[in-house]
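Here's the structure, in structure tokens; my notes come after.
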Amino acid sequence: MLNRRIILSAAAVAGISPLLATRPSYAQHVLPLAKVLVGFPPGGSADVIGRALAEKLRGTYATNVIVENKPGALAAPVMQALINSEPDGSAIYLAPHSIGTLYPHLYSKLPYDPVDAVPVSVIGTFDFALSIANNVPARNFGEFIQWCKANPDKAAYGSLGNGTSAHFIGYMISQATGVSWNHVPYKGAGPGVQDLLAGHIPSLIGPLGDALTHHRAGKVRVIAISGSQRSRFLPEAPTFEELGYKGLIVMERFGIYVRRATPAIVIEKLNRDIANALRADDFRATLEKLSYEVRGSSPQEFDAIIKAETTRWGPVVKASGFKPEN
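Okay, so the sequence shown: first residue is 2 according to this note's numbering, each after it adds one.
Below you can see the structure in the form of structure tokens.
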């Protein structure tokens, strides 16, 4: 049987607190209650994923797991709820990683410190799609760009809102193609999709899942996606990189975070429980129905992604000249 000195030595090498190393039951501990904090209203994709995850964590990570929706500007209400929680893993924050990678470049004074949210695991990713309205006489990306150049007074794209990934994808396309087009920000995907269907805007950049049903029904046309490879959900749509625009790869990662100062061993347990959820057929089906690719990660991998993406977006935001007050 290992003696206490060996256990403490092994713990030090692994970077685990010696106190926790002498309490192996801590890693198996089931909390009485955990909350999945979602910074969006009920009914949206984030809410659907949060509720599906809560169901999978119930009974394994915590006896009861509930969802609390905390929508609000700059993700302030949901982050405040996380910061005010106990650092014991009982508050689980579900969010798109772009909040943490874009907001620091957009707002000099956020009402919270983004590093207070510690990454635990990616759970799914999605690509952005460039869709065009049926009243635009273009069959593919190249023809659409030519149409935009020939009709500068009509050239425009809608996005999920100012300061979003979709907004800056439009800026990157503009820089890469030489197209000068007007940005039309919407408050979420729904209004933008409706205007695209009605032909009020010629194009829209948004999550692939929001355009997929309408594309298949022939109501809009998805002409390019932002992923590193073609999507299995829409294999006929080329990627921007495939079309010759190197570096124009953008994907959104939905992931799980906990409050800073949560013990590493708790984070590791949550990461394992999430990995088990991602292997469940019904949970995978929930994500895939939304056109999300199921992807897990270690906390370290997720943290590295966030740091790299934060570095990447800095020059893009600065070059765009965009300020939130605009």
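For glycine and all other residues, C-beta sits at the position ideal for the given N, C-alpha and C.
3 or more residues per run - each beta strand (DSSP E) lying fully within the region 106-155: 118-134
Hey, which unbroken runs of the alpha helix (DSSP H) at 4 residues or more fall wholly within the region 191-219? 209-217
Taking only the alpha-carbon atoms, compute the straight-line gap between Asn-152 and Val-180 and give it to the nearest angstrom. 10 Å
From what residue to what residue does the beta strand (DSSP E) around Gly-256 run? 252-260
Would you check if the region 182-196 and the region 271-284 touch, i.e. whether three or more CB-CB distances between them fall below 8 Å? no
Can we say the region 216-225 touches the region 134-147, given the rule of at least three CB pairs closer than 8 Å? yes
Taking DSSP as the reference, what is the three-state secondary structure of Glu-294? strand
Exposure of Gly-245, with buried meaning 16 or more beta-carbon neighbours within 10 Å: exposed
Completely contained alpha helix (DSSP H) runs for the region 14-93, where each covers 4 or more residues: 19-22, 46-58, 77-84
With DSSP as the reference, label Ala-281 as helix, strand or coil. coil
Looking only at C-alpha atoms, which of Ser-204, Ala-53, Pro-88 sits nearest to Val-137? Ser-204
Supposed close pair Gly-297, Ser-122 - CB separation, criterion 8 Å: 6 Å
If you check the beta carbons only, do Thr-287 and Val-119 fall under 8 Å apart? no
Would Ser-175 pass as a contact of His-168 if the rule is Cβ separation under 8 Å? no
Once the 5 residues before and after Gly-171 are set aside, which same chain residues still bring their CB inside 8 Å of it? Tyr-158, Ser-160, Trp-182, His-184, Ile-206
Helix, strand or coil for Leu-95 per DSSP? strand
Just curious, the beta strand (DSSP E) that Arg-222 is in, first and last residue? 221-226
Check whether the region 33-44 touches the region 61-74, counting contact only when three or more Cβ pairs, one atom from each stretch, lie closer than 8 Å. yes
Please classify Val-116: is it buried, with 16 or more other beta-carbons within 10 angstroms of its beta-carbon, or exposed? exposed
Return the residue from the list Leu-103, Ala-265, Thr-61 that minimises the CA-CA distance to Phe-323. Leu-103
On the CB-based measure, 16 or more other CB atoms within 10 Å of its CB, does Asp-114 come out buried or exposed? exposed
Just to confirm, does Ile-67 get its C-beta within under 7 Å of one of the non-hydrogen atoms of the ligand FMN? This structure does not include the ligand FMN; it has no bound ligands of any sort.
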